[in-house]
Amino acid sequence: MDTKIQRLQIKIKAFTNILLQIKDLSVSSTTKVGCIAVKKDFSKIASFGYNGSYAGAPINPQTGTEEESLEPGCSGFIHAEVNMIAKFKEYDPENYIIMLTLSPCKMCTKILINAGFKHVYWLTEYRETDHLKIFTDVGVSSGSIKDLSKVYLSTLT
234 MDTKIQRLQI KIKAFTNILL QIKDLSVSST TKVGCIAVKK DFSKIASFGY
284 NGSYAGAPIN PQTGTEEESL EPGCSGFIHA EVNMIAKFKE YDPENYIIML
334 TLSPCKMCTK ILINAGFKHV YWLTEYRETD HLKIFTDVGV SSGSIKDLSK
384 VYLSTLT
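Residue 234 is where the sequence shown starts when you use the working numbering, and the numbers rise one by one after that.
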């Protein structure tokens with residue numbers, strides 16, 4: 234295997250491990266999601282986010298958590314992608330790879346596109362995936378993190 238590809242795979246694995254640690258910061262009792270914006274050359278993390286409530290949110294007595302509801306899709310949590318974008322302070326989002334533990338929902342797909350990101354990859358797919366074709370429609374490279382090294386040289390140049 235080419236040394237450049239081997240080194241790339243090591244970097245992807247390292248940042249994936251960081252992503253999994255960030256996901257664990259979520260207090261969700263159902264689905265924990267992590268998101269990081271990594272420079273295309275893997276030289277830095279510009280921002281990260283995980284799904285959760287607002288800072289200082291109280292415990293909801295009905296759920297026993299910060300969640301408004303335990304019903305899937307109704308937690309009331311701010312999504313990991315939105316939390317990441319809220320902290321993203323770089324001027325060139327097109328030069329960052331968004332790495333997620335879960336593929337984005339339809340709304341976050343649109344938000345990532347409008348924020349200027351051109352590379353979005355995830356570990357597992359969300360229960361709804363039809364909307365992910367929007368990425369292809371607007372020229373955003375996307376897919377499974379396991380395929381990131383395969384498309385890196387041709388797509389992320």
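In this text, a Cβ means the ideal position worked out from N, Cα and C, and glycines have one as well.
Just to confirm my understanding: we take residue i, look at its own chain, exclude 5 residues before and 5 after, and list those with CB closer than 7 Å. What are they?
{"i": "residue 325", "result": "none"}
{"i": "residue 258", "result": "283"}
{"i": "residue 378", "result": "245, 249, 332, 354, 355 and 356"}
{"i": "residue 305", "result": "263"}
Who are the Cβ neighbours of residue i in its own chain at under 8 Å, not counting the five residues just before and after it?
{"i": "residue 307", "result": "301"}
Determine the contact status of residue i and residue j, defining contact as a CB-CB distance below 7 Å.
{"i": "residue 339", "j": "residue 373", "result": "no"}
{"i": "residue 314", "j": "residue 345", "result": "yes"}
Taking the beta carbon of residue i as the centre, do at least 16 other beta carbons fall within 10 Å, making it buried, or is it exposed?
{"i": "residue 322", "result": "exposed"}
{"i": "residue 245", "result": "buried"}
Residue i to residue j, Cα distance in whole Å?
{"i": "residue 265", "j": "residue 312", "result": "10 Å"}
{"i": "residue 320", "j": "residue 256", "result": "16 Å"}
{"i": "residue 349", "j": "residue 272", "result": "14 Å"}
{"i": "residue 347", "j": "residue 337", "result": "14 Å"}
{"i": "residue 238", "j": "residue 260", "result": "36 Å"}
{"i": "residue 278", "j": "residue 243", "result": "16 Å"}
{"i": "residue 297", "j": "residue 241", "result": "43 Å"}
Go through its chain and collect everything with a Cβ distance to residue i's Cβ below 6 Å, but skip five positions before and after it.
{"i": "residue 251", "result": "none"}
{"i": "residue 268", "result": "282, 313, 314, 317 and 333"}
Report whether the distance from the Cβ of residue i to the nearest heavy atom of the ligand NAP is below 6 Å.
{"i": "residue 348", "result": "For the ligand NAP, the structure offers nothing, since it holds no ligand at all."}
Any chance you could list the beta strand (DSSP E) runs of at least 3 consecutive residues sitting entirely within the segment 353-390, in chain order?
-> Listed in chain order, the beta strand (DSSP E) elements of length 3 or more contained wholly in the segment 353-390 are 374-377.
Can you give, in chain order, each stretch of the beta strand (DSSP E) that sits fully within the segment 248-326 and has at least 3 residues?
-> Within the segment 248-326, the beta strand (DSSP E) runs of at least 3 residues that lie entirely inside it are, in chain order, 267-272 and 278-283.
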